[in-house]
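Peer 1: Following this message is one structure expressed as structure tokens.
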Amino acid sequence: MSEGSEAKVTRDGLEGVRPGREALTWSHDAGRDARGDDAAQPRAGDARQPASEAAHGRRGGGRRRRGGRDQFTSYYGKPIINAPVWEERDIAGYLFAGGLAGASSILAAGGELSARPRLARRCKVCAAASLGVSLVALVHDLGRPERFINMLRVFKPTSPMSVGSWLLGAYGPLNATALTSDVLGLAPRTGRAASLGAGLLGAGVASYTAALIADTAVPAWHGGHRELPFVFVGSAASAGSGFALLAVPREESAPARRMAVLGAVGELAAEQLMERRLGMVAESLHDGLAGKRLKAAKALTALGAIGAASLAGRSRAAAAFSGAALLAGSALTRFGLFEAGMASARDPKFTVQPQRERLLAAEPNVPA
Amino acid sequence: MARKASPANWPLLRQLRGKDRLGRGAAVRSQATQANRPRTVESDRVVKSVCPYCAVGCAQNLYVKDDKVVQIEGDPDAPHSRGRLCPKGSATLQLTTGDAREQHVLYRRPYARDWERLDLDTAMDMVTDKFVRTREAGWEWESEGKRTRRCMSIAALGGATLDNEENYLIKKFLTAAGIVQIENQARVCHSSTVVGLGTSFGRGASSTLPGDLQNSDLIVLEGSNMAEAHPVAYQWVMEAKARGATVIHVDPHYSRTSALADIFVPLRAGTDIAFLGGVINHVLSTESDFREYVVAYTNAPTIVGEEFEDVGVDGLFSGYDEEKRGYDPSSWQYEDAFVAAAAGQRDQEGNVEALAGEGQDRDGEAARGQPKLDPTLQHPRCVWQILKRHYAQYTPETVERVCGVPQDVFAEVCRLFVENSGRERTAAFVHGVGWTQHTIGSQYIRAASILQLLLGNMGRPGGGVMAMRGHASIQGSSDIPTLFDTLPGYIPMPHAHGHEDLDKFIAGTAARRGFWGDMRNYTVSLLKAWWGAAASEENDYCFDYLPRLTGSHSTYDTVMEQIKGTVKGYFLFGENPAVGSANTRMQRLGMSKLDWLVVRDFSLIESATWWKDGPEIESGEMLTEEIATEVFFFPAAAHIEKEGTFTNTQRMLQWHHKGQDPVEEQRSDLWFMYHLGKRVRERLAGSQDERDRPVLELTWEHPTEGEHEEPSADTVLAEVNGWNADGEMLSTYTELKDDGSTSCGCWIYCGCYADGVNQTARRKPAREQNWTGGEWAWAWPANRRILYNRASADPEGRPWSERKALVWWDSEKGEWTGHDTPDFEADKPPGYRPPPGASGPAAIAGDTPFIMQADQRGWLYAPAGVADGPMPTHYEPQDSPVANSIYPARQRNPAREVYEHENNRYHPDPDEPGADVFDVVVTTYRLTEHFTAGGMTRWTPYLAELQPEFFCEVSPELAAERGLEHAGWATLVSARGCVEARVMVTDRMTPLQIEGRTLHQIGMPYHWGANGYAKGDSMNELSSMALDPSSHIQEVKALSVAIRPGRRPRGAARQELVREYRERAGITAQTGMRP
Amino acid sequence: MSTTGERPELSGERPELSGGPPPAPEGGLLNILLEHGDPAGASGWQEHPPRMGFFTDTSVCIGCKACEVACKEWNEVPEDGLDWTGHSHDNTGGLGADTWRHVAFIEQRVPVGGHQPNFQRAPAAGEEGKDGFRWLMSSDVCKHCTHAACLDVCPTGAIFRTEFGTVVVQQDICNGCGYCVPACPYGVLDKREEDGRIFKCTLCYDRLGVGQEPACAKACPTDSIQFGPLEELRERAAGRVERLHEAGVIEARLYGERPDDGVGGDGAFFLLLDEPEVYGLPPDPIVTTRDLPRMWRNVGIAAGALLAGAIGSFAGARR
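Residue numbers (the working numbering), protein chains in the order written: chain A, 31 to 398; chain B, 340 to 1414; chain C, 50 to 368.
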């Protein structure tokens, strides 16, 4: 007989006992077992296929009415990932200052090698100052600043922040040595070696921060993880050279002017590539506050580069203006990208849609 | 930072040295992490306890370190809860050890604006003093010429959250002091279950246990929000589903229970009798009942007297008295036989005397013999035919019209019922207060009982009626009742009659046949337990010491007496009527008329602070400076701070041990009652006044321990169990005698201390016994887990079906055997036939399972006991926007109890002008995250954050119609009051088609009040005092209201708005009062 | 390195698709990031117990929130405010520093026949026919990923892989740098502002250590939360889905159980009755560090380019 249930209580005890977790739920057909209907078959005309594949591709949640009043396929429109808890001033600020420091060290080293003492010294000062600002910002952003030393507890190649900590750990002292020896005129050999070292590590300091923010689930940042390093070194270069244009007399700033152009061109080009690859996530770079900042950044960077390429060589004022524009442009790029990341984290669509598209691409057999 | 500074511990080095090259595991684990050990392991001892919330009674383990409870978890050994806990149970650590509990006595002087501290000893003295003086002042020897020997000036409320031992002392002492107005949550929660199940089967408690639901083929949850109110018990419903059972949820409101049911059937609140009547009609008209069972075990064949008239066009049964607004049930009796009910309205002395006049004996013991039967069920006056005629009009069309249940859905439910009942299958009903809290609540339970009898589901595995009770010991506070109308073990409280004695009392209330035939044994043993040596045959065992009833003294009648000024002193034991009782405004009004009020609780609940911050203070209707009531707040001890027993929803007494001492002035209710009793006795010592003898002669000596002199709950439980003349513990109630040689505080609990061992402390793990868990704790009666289980076997004693075997007759051993303790005399063979004239147990034949019944049969038709008719009949709720289309002449239950008071006005009949003002139906329910009136949960942050605000659930359709915005505010108004609630627009509420028009329903949880961490208006500001006549339970599960967008007015404007609505509806003192 | 046969196209060249290994020609040491089988072993635990995890079967969840409370009681997680959201019965919001278990409530009108509603709403005014309705409940928790981004990016080693293969934040080490917060593809970790450190589910590491099950799983009244060795749970889950499909509940699907998914499989996985995003879960999460080798490569190239550019700038510069 078709039994409503296996609930048997014989003289020997219970039979067919099953743990409650095996309860057949959401199956209205269960109620029909008693009548002997075959609950195993989905109802006639039911063309649906089991969702084991669906889980890995089929779309369609969004078409149904949801709890709450919203239509979008999300959980009450809540973000899926948690947005970074980083203070904009601290971290975006550090992205800029770190880049400036790194590029300045490179210029300083160049100045040292190419006998441009003013370029060298002023860039060392700039590097040291920006690094100081950076360290303060980084420690300040910690939830437990007194535990900053834990950063050197391990060395984790899987963590750009760990790598960065050790990098700064080495870069800082070199920077300081280079500057002291220069200013006090002590141990010139050591000083020179130090500034060369700082220059080399500076390149790392200027670029690793790209990995730092790209190595997250933040759609706008991670999505750009290929181009971001180039955007960042470009931005660093224009910042460093921007400073040089501003602070160093024309006769010694020629390299900076060229570097400014290279940096700006690199930055803008890389950013174009990045935005194309980001697809719909690029919205987060175009809309809102991030959009405003990045538009301004591009304009200023371009302006600064053109200035550097043309008038800056001839007029101190023009050089200063171009430098300022480049610095501002670089800063706005960093703050713009930071904000874009935040925006892309806050809206679930930036997390969900790219993943959905990826799944669809992965399973061509499932109709979109 | 716990990490040692030693460079050897520098993770970088460990990283480079060891296997964890990337520093993501072993290398970076800190010493602190390594040293971390769970407090469950660090504790000194594990103490066995029981969750203090609902009546599932989940077993808990208390982890104790340095005599402080540091963690509370479920006990995996428990057969009923299996170590699982709901959010409330999981939060009991915060409840008990959190900072929300008061630690000191607080005192409010008359007219004072605020509390002041008072030391415990002084407070106890003051309360003692007031108790003695108020008792004296309010003493009453006689009422209308009949001896009452009582004190009407003091009342007590609360007990369902207390231990049985505490309830026992409260009932014992207050009764001895002459106080009759003793009530607890059981009145407002499940009193109608006691009447409904008691009259139908013989015992007013759940017939089964949640754990047996796993054996059901069909589970019908109706009037119960089980998954939310009893989540841990719901695991057994899931277990049944896993075995293929079908689960149906019938409810006005789609809840978390509905979400996992196979079929959800939305119906109009207050129409369950019409719905169940429809199913009964289906079963009878298609003859799909379990006929052998019905003929052998129910009163279907019994012939009813000619005097009986079924409900006619006037909507009345025979015997109605317009004057008394009630029935004289004598015309409902069997032909030539007079049977007494096992529960409900049992005082039949008047009738008995009358019958004696006619030379007829009770139970038809005279020559005319036993009730007449027609096994063919053809006799026009046999119960079967009467039932069939009565329900003939409850057709599927009627059900659709009245309940709003589409005919196809209804047909599906009927089909499932029939297909999953009978010889091979069993179906179970699960109900909660969704059924009980109606002006005809007892009949809801009766309707389910009738269906279960017809389908042969009683006493069988996977069958029965599972009453889900709400409080940790609310079953216990019904068994050892802090209730006005019963004595321990459901012995009725005596009513005032002319020169009544023990014999007359027994004759007038107890059945003669079956186990109620031994009521004299139970009563005398109780009197011995209370008055010991003083109770002797000469003085009728002090029967005269018992105060007498004159009508109903339910908590709602008490409120009226408070308002009248009769009641001057009031005790609240862990109950919060200012939030939880119907018409909370009347509750506060009543309390404001008191001389003194004693509140015992964890925190300052609304019932303790109404005089300074209640709604009437806010509105200016009451002025704190003008309220004379003296208020004493005593901080109570929690379950982890005392030992004793809770009786859970499956009649199981579980002993909980003590994990820690209460702090400061926190004390158990056992301590409070015991020491108040001692002080009162000291105060009265030497009094020669007859009035004081019951108090002075009362047995009131229990050993105490510790600096607080905590009385021993253990000895109280022993007194409840009882002993014989030699002081040996009794092992079962059949040992009780009526000659004064035995003493027993509650006969149905006799055996809980068998062999001098506390049986309720047994903790044999589930894996070592069968599903009934017979050796885990102890269940009344006689440790039987499934009642009437004799009915699982056929008259010859063989299981009806080998796939539904529970107990059966072992002819070799000559005894009943099986998986459960037989609910039958163990050695009485199926073939036993009582000798003529036999009475008591001897009169029980070997093939009649309902051993508490006067005729040992399940009552499809109740010839006595239910005040509003022998058969459930559909009447509309007190406040309903829908006309009664089944009995157009009778809108409401003609026997219901209503109260005429300007703060308790009712709504118009649907055909009266102004009826459309209150056009939406509200039903109330509980949320998983909160508990009843919120006194325990609103103060617990972990729970408060889960459901922080009072809200109302409305359908998108109603929202659109009334302009209600999701997450906005709505104001709900009734003739009693108005509240504001957040609006939850949800598809879970759905409009119904009733009588050809669309009817909207609103779902509302009722947990909130003005105090605590999570605050909100109380739903019960809206409800009215209108009661079921048999059980005096209020109707809060179905009432009509008006709803409009926006927040409610503040201050005086609040009642202004109510007045305005009353006027618009043309409400007067007569509105809704028509019988 | 395991790439399953079913999805060969995912290997090598299509790194942005889930399940594949990174191109990482120079991944070197980082290849360990791709270990699927034995995360504990890969993290330096030689003799270690089997990997433990959660299987949360949302099809038997009654939304009681016992898990939320039991978790808070055991781990002494602070109550975090009274906020009535109006989002069905969810007044918790989502996982975070003060919420390690979160029960989601989703109310859906579903086409009758398209799903198995246990109740059909009366046709609303003007509407034709009936709508099916269902109410989904699901208890979310940290996924204890095989490839845990939070753990990879943590600079202090505060977050570590336990011998049970679970992922735990050591509160005596964490300095609140917050890197793990945006690294998690599920939005599990967050900073407790008043404290400064990061908190999340520990899968009751302390209890596991003495053979006790996590508080939430122990409390769960309907066994919706199942705890045990991950391998067992995966088998049980596969059987469960099959049984539900047979019963016609074809929308049932497992989430996070596949060792070849973007995070190498979750230590805490789920049975869902709708698309993941409906529950607030990412449909196809990928551990961000899977692309880290490429990031480092590009960082290196970029740094080189910067130096080269600088040299160029100086070399070509006239005095």
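C-beta: ideal position from N, C-alpha, C; glycine also. Treat the numbers as computed from the prediction; the structure is a model and nothing was measured.
When burial is assigned at 16 or more other CB atoms within 10 Å of the CB, is Ile179(A) buried or exposed?
Peer 2: Per the 10 Å Cβ criterion, exposed.
Peer 1: Less than 7 Å between CB atoms is the rule here; does Val295(A) satisfy it with respect to chain B?
Peer 2: So no, Val295(A) is outside the interface.
Peer 1: Closer than 8 Å by beta-carbon distance: list the chain C residues that pair up with Ala1206(B), in chain order.
Peer 2: Neighbours of Ala1206(B) on chain C: none; closest Cβ ~36 Å, over 8 Å.
Peer 1: From the DSSP secondary-structure annotation, give me the bridge partner or partners of Leu303(C).
Peer 2: Note: Leu303(C) sits in a beta bridge opposite Leu320(C).
Peer 1: In chain order, what are the residue ranges of uninterrupted alpha helix (DSSP H) at least 4 long that sit wholly in the segment 434–506 of chain B?
Peer 2: Counting whole runs of 4 or more residues, the segment 434–506 of chain B contains the alpha helix (DSSP H) stretches 459–476.
Peer 1: Ends of the beta strand (DSSP E) at Tyr909(B)?
Peer 2: Per DSSP, Tyr909(B) belongs to the beta strand (DSSP E) from Gly908 to Phe912.
Peer 1: Out of Glu483(B), Asp1367(B), Ala1377(B) and Leu1331(B), which one is the CA nearest neighbour of Leu888(B)?
Peer 2: With distances taken between Cα atoms, Leu888(B) lies closest to Glu483(B).
Peer 1: Within 10 Å of its beta-carbon, does Ala217(A) have 16 or more other beta-carbons around it, so buried, or fewer, so exposed?
Peer 2: Exposed, by the Cβ-count rule.
Peer 1: Excluding sequence positions up to five away, which residues of its chain have a Cβ less than 6 Å from the Cβ of Pro1001(B)?
Peer 2: So the list reads Ala976 and Glu980, once near-sequence residues are dropped.
Peer 1: Please go through the same chain and pick out, in chain order, the residues whose beta-carbon is closer than 6 Å to the beta-carbon of Asp377(A), but skip the five residues on each side of it.
Peer 2: Excluding positions up to five away in sequence, the list is empty.
Peer 1: Please list, in chain order, the chain C residues whose beta carbon lies closer than 8 Å to that of Tyr573(B).
Peer 2: Under the 8 Å cutoff, chain C gives Ile111, Pro270 and Thr271.
Peer 1: Here's a check: name, in chain order, each residue in its chain whose Cβ is nearer than 6 Å to the Cβ of Ala1404(B), leaving out the five neighbours to either side.
Peer 2: For Ala1404(B), where only same-chain residues beyond five positions count, the Cβ hits under 6 Å are Pro1247, Gly1253 and Val1256.
Peer 1: Check whether the segment 316–323 of chain A and the segment 367–383 of chain A are in contact - that is, three or more C-beta pairs closer than 8 Å.
Peer 2: Touching, per the Cβ criterion.
Peer 1: Taking the straight line between their C-alpha atoms, what separation do you get for Asp310(C) and Arg283(C)?
Peer 2: Roughly 14 Å between the two C-alpha positions.
Peer 1: Ends of the beta strand (DSSP E) at Ala398(B)?
Peer 2: Ala398 to Lys404 is the extent of the beta strand (DSSP E) around Ala398(B).
Peer 1: What residue ranges within the segment 216–264 of chain A form continuous alpha helix (DSSP H) runs of no fewer than 4 residues, ordered along the chain?
Peer 2: Listed in chain order, the complete alpha helix (DSSP H) runs (minimum 4 residues) inside the segment 216–264 of chain A are 218–244 and 249–252.
Peer 1: Between the Cα of Cys233(C) and those of Ala197(C), Phe182(C) and Leu356(C), spot the shortest distance and give me the residue it belongs to.
Peer 2: Looking at the Cα atoms, Ala197(C) is the closest of the given residues.
Peer 1: What in chain B is Cβ-close to Met186(C), meaning under 8 Å?
Peer 2: Within 8 Å Cβ-Cβ: Arg595 and Ala598.
Peer 1: In whole angstroms, give me the CA-to-CA distance for Pro377(B) and Val259(C).
Peer 2: Cα to Cα, Pro377(B) sits roughly 8 Å from Val259(C).
Peer 1: Excluding the 5 residues flanking Leu536(B) on each side, which residues of the same chain have their C-beta closer than 8 Å to its C-beta?
Peer 2: If we look at Leu536(B) and ignore the five residues flanking it on each side, its Cβ neighbours are Arg542, Gly543, Ala544, Ser545, Ser546, Ala682, Ile784, Ser788, Val804 and Ala806.
Peer 1: Rounded to the nearest angstrom, what separates Thr984(B) and Asn1128(B) at their Cα positions?
Peer 2: Thr984(B) and Asn1128(B): Cα-Cα distance of roughly 25 Å.
Peer 1: Which residues in the same chain as Arg452(B) place their Cβ atom closer than 6 Å to its Cβ, once the five residues preceding and following it in sequence are excluded?
Peer 2: Excluding positions up to five away in sequence, the list reads Thr963.
Peer 1: Can you give the beta carbon distance from Asp940(B) to Gly913(B), rounded, assuming they're within the 8 Å contact cut?
Peer 2: With a Cβ gap of about 6 Å, Asp940(B) and Gly913(B) count as contacting.
Peer 1: What do you reckon, are the CB atoms on Ser268(A) and Gly293(A) nearer than 7 Å?
Peer 2: It is a contact, given that the beta carbons lie within the stated cut-off.
Peer 1: Give me the residue from Phe1270(B), Cys393(B), Thr715(B) and Pro415(B) with the minimum Cα distance to Asn400(B).
Peer 2: It is Pro415(B) whose Cα lies nearest to the Cα of Asn400(B).
Peer 1: From the DSSP secondary-structure annotation, give me the bridge partner or partners of Thr188(A).
Peer 2: Answer is none; Thr188(A) lacks a bridge partner.
Peer 1: Please identify, using Cβ separations under 7 Å, the residues of the segment 979–1012 of chain B that lie next to chain C, in order along the chain.
Peer 2: Result list empty, no residue passes.
Peer 1: Given Val634(B), which residues of its chain have a CB within under 8 Å of its CB, disregarding the five upstream and five downstream residues?
Peer 2: Closer than 8 Å at the Cβ level, and outside the excluded window around Val634(B), lie Pro640, Pro714 and Leu716.
Peer 1: Measuring alpha carbon to alpha carbon, tell me which residue in Gln553(B), Gly1185(B), Met1412(B) and Leu933(B) is nearest Asp1133(B).
Peer 2: Among Gln553(B), Gly1185(B), Met1412(B) and Leu933(B), the Cα nearest to that of Asp1133(B) is on Gly1185(B).
Peer 1: Tell me whether Thr1081(B) is buried or exposed, calling it buried when 16 or more other Cβ atoms sit within 10 Å of its Cβ.
Peer 2: So Thr1081(B) ends up on the buried side.
Peer 1: Check the Cβ-Cβ distances between Arg346(C) and every residue of chain A, and say whether any is below 7 Å.
Peer 2: So no, Arg346(C) is outside the interface.
Peer 1: What are the start and end residues of each continuous beta strand (DSSP E) run of 3 or more residues lying completely inside the segment 750–831 of chain B, in chain order?
Peer 2: The qualifying runs are 766–770 and 804–806.
Peer 1: Determine the direct distance from the alpha carbon of Ala398(B) to that of Val389(B), and round the result to whole angstroms.
Peer 2: Going from the Cα of Val389(B) to the Cα of Ala398(B) covers about 5 Å.
Peer 1: Pick from Gln383(A), Arg386(A) and Lys186(A): whose alpha carbon is nearest that of Pro350(B)?
Peer 2: Ranking Gln383(A), Arg386(A) and Lys186(A) by Cα distance to Pro350(B) puts Lys186(A) first.
Peer 1: Here's a check: name, in chain order, each residue in its chain whose Cβ is nearer than 6 Å to the Cβ of Val741(B), leaving out the five neighbours to either side.
Peer 2: Around Val741(B): Thr610 and Ala613.
Peer 1: Who are the neighbours of Arg429(B) on chain C, taking C-beta pairs under 7 Å?
Peer 2: Checking the sequence shown, residue 429(B) turns out to be Ser, not Arg. Those within 7 Å of Ser429(B) in chain C are Ala115, Val118, Ala119, Glu122 and Ala268.
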